[in-house]
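Sequential numbering of the sequence shown, starting at 44, is according to this note's numbering.
Cβ coordinates follow ideal geometry from the N, Cα and C atoms, glycine included.
Everything on this sheet refers to the single structure shown next.
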Amino acid sequence: MTTSVSADPVDMAIVDDTGVLLLSADGNSVSTQMLKEVEAVDLFRDYYASWWASSETLESYAERTGLMNA
């Protein structure tokens, strides 16, 4: 996803209303953290929504990359 946000994305999976799985990797290993708090889920939903809200539209991406010309 191409965005104008200057923060690094966080790999995450919102499991349900009470859990978020966070993943990070440095090229050699992967670490995970499971947060089991409703407040954490709400914060990460907001974080995820802000990335999508600032992302490039599919139509714009297709035009910019020539995806539809292939």
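Excluding sequence positions up to five away, which residues of its chain have a Cβ less than 6 Å from the Cβ of residue i?
| i | result |
| --- | --- |
| L78 | V63 |
| A105 | M111 |
Could you check whether residue j and residue i sit closer than 8 Å to each other, using their CB atoms as the reference points?
| i | j | result |
| --- | --- | --- |
| L66 | V58 | no |
| T61 | V84 | yes |
Suppose the cutoff is 8 Å on Cβ atoms and the five residues either side in sequence are ignored; what does the same chain contact list for residue i look like?
| i | result |
| --- | --- |
| R88 | I57 |
Which residue comes first and which comes last in the alpha helix (DSSP H) that contains residue i?
| i | result |
| --- | --- |
| S103 | 101 to 108 |
Could you pull the start and end residues of the beta strand (DSSP E) that residue i belongs to?
| i | result |
| --- | --- |
| S93 | Segment 81 to 96 is the alpha helix (DSSP H) holding S93; no beta strand (DSSP E) there. |
| M55 | 54 to 59 |
| G62 | 62 to 68 |
| S72 | No beta strand (DSSP E) holds S72; DSSP gives it neither H nor E. |
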